[in-house]
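In order, the protein sequence lines correspond to chains A and B.
So for the first sequence, this note's numbering puts the first residue at 10; every next one is plus one.
So for the second sequence, this note's numbering puts the first residue at 164; every next one is plus one.
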Amino acid sequence: MSELMRPTFDAELIERYGGEGPRYTSYPTAVQFSEDFGPAEYDAAIAESNRLPIPADLSLYVHVPFCASPCFYCACNRVITRSTSAGQEFLVSLEKELRLVAPRFDRDRPVRQLHLGGGTPTFLSTDQIRQLMALLRTHYHLAPDAELGLEIDPRTIDPAGIRELRKIGFNRISVGVQDLDPDVQRAVNRVHDTAMVGSVIGAARGVGFESISVDLIYGLPLQTTAGFSKTVESIISMGPDRISLFNYAHLPHLFKAQRQIEDETLPSPATKLAIFRNTLARLLDAGYEFIGMDHFARPEDSLVRAKRNGTMVRNFQGYSTHGGLDLVSFGPSAISQVGDSFAQNHRKLQDWTVSLIEGRLPTARGLTRTTDDRIRADIIDRIMCNGKLIYRAIERDYQLVFRRYFTSELERLGALACDGLIELGQDGFAVTPNGLLFLRAIAKTFDAHLAPAGQAHRRFSRIV
Amino acid sequence: MPRPPDVPALGAGEQSCSDCVLFSLCFAQDIDADARERLDGVIRRRQGVERSGHLHHGGQSLRQLAVLRSGSIKAYQVSREGDELVTGFYLPGDIIGLDALPVGEHGGSAVALEDCRLCEIPVADFQKILGESPRLNQVMLRLLAEEMVETRKLLLVVGRLDARTRVALFLLSLSRRLERRQLDPDLFRLSMDRRDIANYLGLTIETVSRTLSSLQRDGVIQVRGKLMRIVDRRALAELANEDIVTTSERAAV
């Protein structure tokens, strides 16, 4: 089994290319969504998708917007509540949304993937999650081998709960660990001990979850190289199939919860860089493959296989093994992608709920890609997933002359080649080990919507 | 990928059929200069029909023949129960209305599947030229014969053959018609939606898509959105119980 390419750590390159950039879970990014796109446009996009010779299979996402307490680093859309009725009320609205949306899709389009995110999906009781799944199964046909996953907050579930989730049908989990250092946990208001995480992962392994993933965040307050190394060692010993190592983006002007974090407690850029360097080296050393961006996976994991076969894609949940699916999303702020259209629901729980009570699709904004958007999205996806681009493939698929269509982009690629991030040939280019950490910076070359540097407020997280 | 011709810009300054970019696709190429000159005098060029717009409905009297320049058109009839029955598809280069010539009224309806451009010839003028040009008669006969061959092949399909054969015959028929118009026979857009294909072939929509998927899995075709690529023409022809259309056969047409 050939290993995937390993990234090289180069502090100087990080200085130059580690600046902010979109994560390209979509192109154009959500920043471009407009209120000109509403329920009628979403409805039309669904109708259009049914008419294709082979309509795409489906991927479902449900955004459970509740958390019992705020984690201070969080940039997600959520509602902090301890109300026990919130979950039940949410299910009532969700059923309304399913009734509105699901019949618009032809029945012969099976669901290949399902993901519950949040918020905290496990804010819902196991019983409520069972109800939620029953609702989904009523309205959609879930393929027998569908990937059914959810995000787990280790504070909200015990091994018995994990076994229940497996019985309900889930076969992959993603555990939000972030850091195991008690000081850091207190500083971000998310306290759980290592044993809790270990028992959750152990239980998941025991009942046959196919993929177990762990999220870590570096750059959190009070983090030290020694402390984070300990976290990484503990996690490696638990043996998850995938590890995500996110870079904390401190954007208190955008995310209120982050104002609870005092700037002085944040690790210095040098410390942050050292944490990243150490973790990268350690994960590779422990046998994890580098997938791209912030994702690592064990060699036998389906994501590594997909990457090797060139079938990996990027979507709103990050990297994924399945391409060519239409994404249908439910819950406040959830983003659907059907054909070439993106549709985002109302962000606020109340707006979403009211819209459903009134029997309207809760679509608040979105956009339909132009041909140019589609070409660039394809190129960005190839860079983010395959780390290379063959011009002829684009020329053939879109009937264009690459050198003429992308004259200025090619010039900018020249600069990236000079810095050794890519190897630029006559027929295309390939990302080098030096460039592997800067996929976003390379992909950015083809982004036609980015405001010129320095004009926009900080909106995107740092690349490294 | 064949992009649909850039419709508005196309043939803007065109004075006669011989100036037309699509001249080689059109029956006008094959007729004698005299008849073409007379056609030039009466033809209404570049008439637009928007997607979902009707060219005519069943029962309406035939006013003009139309040559499809770009886009595609669905022909259908309505059953006594009010169900739509798809009877065929027009592609660029096809003439619409020939079948209504003898009776003088349209037997069915025609609706644009995408924005279309057409050249229209008033029926009285056409018939007059037809009476005077033996060459035009020959060309019309050939076109009708070609359509008869296609129709007969597809007639075989409905009620008799399995889904794979029906779908294979349909794709080959489209491909052959495009080839005859010197368009790419192996890469084309399916402008009709799967309901129309299903209706036309007498299959359910699920079966159409399932069959296309299985042909794709077997490496016979490749479908991306509306784009259809024929990867293995020989396999498709075998499925359709047909011999491969050879270049010599094409030259003989």
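Using N, Cα and C, we set each Cβ at its ideal position, and we do this for glycine too.
Coil, strand or helix - residue i by DSSP
{"i": "His150/A", "result": "coil"}
{"i": "Arg166/B", "result": "In this prediction, Arg166/B has a pLDDT of 43, which is less than 50 and means its spatial position is unreliable; what the coordinates show is noted afterwards. Three-state result, Arg166/B: coil."}
{"i": "Asn443/A", "result": "coil"}
{"i": "Glu271/A", "result": "coil"}
{"i": "Met10/A", "result": "In this predicted model, Met10/A has a pLDDT of only 46, less than 50, meaning its place in the structure is not dependable enough to derive any value."}
{"i": "Glu247/B", "result": "strand"}
{"i": "Ala462/A", "result": "Confidence at Ala462/A is low in this model, with a pLDDT of 48, below 50, so its placement is unreliable and the value that follows should be read with caution. Of the three classes helix, strand and coil, the one that applies to Ala462/A here is coil, per DSSP."}
{"i": "Leu299/B", "result": "helix"}
{"i": "Ile206/B", "result": "coil"}
{"i": "Pro285/B", "result": "strand"}
{"i": "Phe190/B", "result": "helix"}
{"i": "Leu233/A", "result": "What sits at residue 233/A in the sequence shown is Thr, not Leu. Coil, per DSSP."}
{"i": "Ser102/A", "result": "helix"}
{"i": "Leu173/B", "result": "Annotation note: pLDDT 47 at Leu173/B (below 50); position unreliable, no value reported."}
{"i": "Glu298/A", "result": "strand"}
{"i": "Ala275/B", "result": "strand"}
{"i": "Tyr363/B", "result": "helix"}
{"i": "Tyr33/A", "result": "coil"}
{"i": "Glu219/A", "result": "coil"}
{"i": "Lys453/A", "result": "helix"}
Residue range of the unbroken alpha helix (DSSP H) whose run includes residue i
{"i": "Leu399/B", "result": "396–402"}
{"i": "Ile384/A", "result": "380–395"}
{"i": "Phe285/A", "result": "278–294"}
{"i": "Asn59/A", "result": "48–60"}
{"i": "Gln194/A", "result": "191–196"}
{"i": "Arg226/B", "result": "Where Arg226/B is concerned, there is no enclosing alpha helix (DSSP H), given that its DSSP letter is neither H nor E."}
{"i": "Gly207/A", "result": "203–215"}
{"i": "Tyr400/A", "result": "400–407"}
Supposed close pair residue i, residue j - CB separation, criterion 8 Å
{"i": "Val184/A", "j": "Leu125/A", "result": "That belief does not hold up - the Cβ atoms of Val184/A and Leu125/A are roughly 13 Å apart, past 8 Å."}
{"i": "Gln353/A", "j": "Arg374/A", "result": "5 Å"}
{"i": "Arg356/A", "j": "Ser342/A", "result": "4 Å"}
{"i": "Phe81/A", "j": "Gln269/A", "result": "4 Å"}
{"i": "Glu277/B", "j": "Gly234/B", "result": "5 Å"}
{"i": "Leu317/B", "j": "Leu332/B", "result": "6 Å"}
{"i": "Gly217/A", "j": "Arg175/A", "result": "7 Å"}
{"i": "Pro48/A", "j": "Thr377/A", "result": "The pair is not a contact, with the Cβ atoms about 14 Å apart (cut-off 8 Å)."}
{"i": "Leu281/B", "j": "Arg329/B", "result": "Between Arg329/B and Leu281/B the Cβ distance is about 30 Å, and since that is not below 8 Å, they are no contact."}
{"i": "Val302/B", "j": "Ile194/B", "result": "6 Å"}
Neighbourhood of residue i by C-beta distance below 6 Å, restricted to the same chain and skipping five residues each side
{"i": "Ser220/A", "result": "Arg181, Asp250"}
{"i": "Val241/A", "result": "Thr288, Arg291"}
{"i": "Thr90/A", "result": "Phe75"}
{"i": "Val110/A", "result": "none"}
{"i": "Gly228/A", "result": "Asn256, Tyr257, Lys281"}
{"i": "Gln439/B", "result": "Since the displayed chain B opens at 164 and closes at 416, residue 439/B lies outside it and no answer follows."}
{"i": "Ser102/A", "result": "Thr362, Leu365"}
Straight-line Cα distance separating residue j from residue i
{"i": "Lys453/A", "j": "Ser222/A", "result": "28 Å"}
{"i": "Arg164/A", "j": "Thr330/A", "result": "29 Å"}
{"i": "Ala424/A", "j": "Leu430/A", "result": "9 Å"}
{"i": "Ala450/A", "j": "Gly28/A", "result": "8 Å"}
{"i": "Glu309/A", "j": "Asn318/A", "result": "13 Å"}
{"i": "Gln232/A", "j": "His259/A", "result": "14 Å"}
{"i": "Gln385/B", "j": "Gly256/B", "result": "25 Å"}
{"i": "Arg396/B", "j": "Ser364/A", "result": "51 Å"}
{"i": "Leu398/A", "j": "Leu293/A", "result": "25 Å"}
{"i": "Asp154/A", "j": "Arg121/A", "result": "7 Å"}
{"i": "Phe132/A", "j": "Arg380/B", "result": "42 Å"}
{"i": "Val274/B", "j": "Gly211/B", "result": "12 Å"}
{"i": "Leu307/B", "j": "Thr314/B", "result": "10 Å"}
{"i": "Thr370/B", "j": "Arg352/B", "result": "20 Å"}
{"i": "Gln97/A", "j": "Leu123/A", "result": "20 Å"}
{"i": "Tyr70/A", "j": "His148/A", "result": "14 Å"}
{"i": "Cys85/A", "j": "Val410/A", "result": "41 Å"}
{"i": "Ile392/A", "j": "Asp182/B", "result": "45 Å"}
{"i": "Ala403/B", "j": "Tyr26/A", "result": "56 Å"}
{"i": "Leu335/B", "j": "Thr250/B", "result": "17 Å"}
Sequence-distant residues of its chain with Cβ nearer than 8 Å to residue i (five each side left out)
{"i": "Gly221/B", "result": "Gln240, Val241, His269, Gly270, Gly271, Ser272"}
{"i": "Asp192/A", "result": "Leu231, Gly236"}
{"i": "Ala229/B", "result": "Gln210, Leu218, Ile258, Ile259, Gly260, Leu281, Cys282, Glu283, Ile284"}
Closer than 7 Å to chain C by CB, residue i
{"i": "Arg60/A", "result": "Absent here is chain C; the protein component of the structure consists of chains A and B."}
First and last residue of the uninterrupted beta strand (DSSP E) at residue i
{"i": "Val186/A", "result": "181–187"}
Beta-carbon proximity list for residue i, same chain, < 7 Å, skipping 5 on both sides
{"i": "Arg87/A", "result": "Pro74, Phe75, Cys76, Gly127, Gly128"}
{"i": "Glu12/A", "result": "Glu298"}
{"i": "Asn548/A", "result": "Not covered by the structure: residue 548/A. The range shown for chain A is 10 to 473."}
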